[in-house]
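Residue numbers (our numbering): 71 to 391.
A virtual CB, placed ideally from N, CA and C, is assigned to each residue, including glycine.
Bear in mind that the values here come from a model prediction, so they are computed numbers and not experimental data.
This is the structure in structure tokens:
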């Protein structure tokens, strides 16, 4: 079954056109340089920097910056006005074929980082979506005159075959991974992902005060700035609420207090009167993967997103066991 891949970073991550015009109706100032995105002769990197300034999500800025830098260098253009439909078609093909030169441009320069030998389908969609959004925006700003229809046709989002089965846990595996958690924090963390279906970025952004009681008297989590930059209230199971309350009690906290809900493990800072920091996304991945290994789940790739898939498939009924 063929399904259209959803771009990792969507158009919703960027402001509306009216907001863009309001924020960029004047030249942008970056590192002492005045950048005018309205100018057809503006440097590619300067226009890209102005475009990235309009993104409200740090993840969007980081991913789009990487792709736009690589795209400009791969196409060999100094200004946005130099881009042609032919070059866009060639770039799209390079993305889908995992062109070796493009891979080198995308490589993380930090020491110890491995270079990819091929791009995954999600990366195909992300790279093409990044360049398409940038060119649509910069055309609106007057940086080039390439017709929007050409940009859309040349940078069409690729279709990919979704491989089944998904990494969805069975009820027995849900119980096993929860039992493998050795701390109240990790049990509560897994419970939230399995029982509420939150994304990693949403989980680490939760504060203690975000555990609420809804209008019907049930427990809920207030999720700020989720996908699409929308706040929402997510009901949670009583079992998940109990895991969260147990975690707060063990850490000496109460409902309504300030500060991050999930905290990094203390490394002696608390003894110096310094508040423990917020748990990071990397630590969430580490918890999920270590618990999966401890639970003996070896035949599946278990990730935070796999827990979200499990929640969507209704397999989280055993969260409280």
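Secondary structure of residue 303 (DSSP, three-state): strand. For a cut-off of 8 Å, the C-beta gap from residue 266 to residue 291 is around 6 Å, short enough to register as a contact. With 16 or more other CB atoms across the displayed protein chains lying within 10 angstroms of its CB, residue 130 is buried.
One Cα belongs to residue 167, the other to residue 226, and the distance between them is close to 15 Å. Just so you know, the alpha carbons of residue 373 and residue 286 end up roughly 33 Å apart.
In terms of Cα proximity to residue 117, the closest of 216, 150, 257 is 150. The three-state reading of DSSP puts residue 374 in helix, counting H, G and I together. In the structure shown, residue 259 falls within a helical segment according to DSSP collapsed to helix, strand and coil.
Counting along the chain, residue 289 sits inside the beta strand (DSSP E) bounded by residues 289-293.
Distance from residue 351 to residue 270 at the Cβ level is roughly 5 Å; contact confirmed, criterion being Cβ atoms closer than 8 Å.
Using a C-beta cut-off of 8 Å, the stretch 348-368 makes no contact with the stretch 308-328, since fewer than three inter-stretch Cβ pairs fall below that distance.
For residue 276, there is no enclosing alpha helix (DSSP H), as DSSP marks it with neither H nor E.
Scanning its chain for C-beta atoms nearer than 7 Å, with the 5 sequence neighbours on each side dropped, one finds around residue 148 the residues 113, 114, in chain order. When DSSP states are grouped into helix, strand and coil, residue 321 belongs to the coil group.
Put simply, of 156, 136, 333, 135 the residue whose alpha carbon is nearest the alpha carbon of residue 255 is 333. By the Cβ-count criterion, residue 276 is buried, with 16 or more other Cβ atoms from all chains shown falling within 10 Å of its own Cβ. In the three-state scheme derived from DSSP, where H, G and I count as helix and E and B as strand, residue 227 is classed as coil. For secondary structure counted as the alpha helix (DSSP H) over 4 or more consecutive residues, the stretch 127-194 holds these complete runs in sequence order: 128-145, 155-166, 170-176. Cβ-Cβ separation between residue 244 and residue 259: approximately 14 Å, too far for a contact (criterion under 8 Å). Around the beta carbon of residue 142, 16 or more other beta carbons sit within 10 angstroms, so the residue counts as buried.
At the C-beta level, residue 212 and residue 279 stay beyond 8 Å of one another. In this chain, the alpha helix (DSSP H) harbouring residue 115 covers 114-122. Here residue 250 has 361, 364, 365 as same chain residues with Cβ atoms under 6 Å from its own Cβ, once five neighbours each way along the sequence are excluded.
For residue 330, DSSP records a beta bridge to 277.
Distance check between residue 367 and each of 222, 246, 308, 288 places 246 closest, using alpha-carbon atoms only. Here residue 348 is bridged, per DSSP, to 333.
For residue 247, the enclosing alpha helix (DSSP H) stretches over residues 241-250. The residue from 165, 371, 306, 136 with its alpha-carbon nearest to that of residue 281 is 306.
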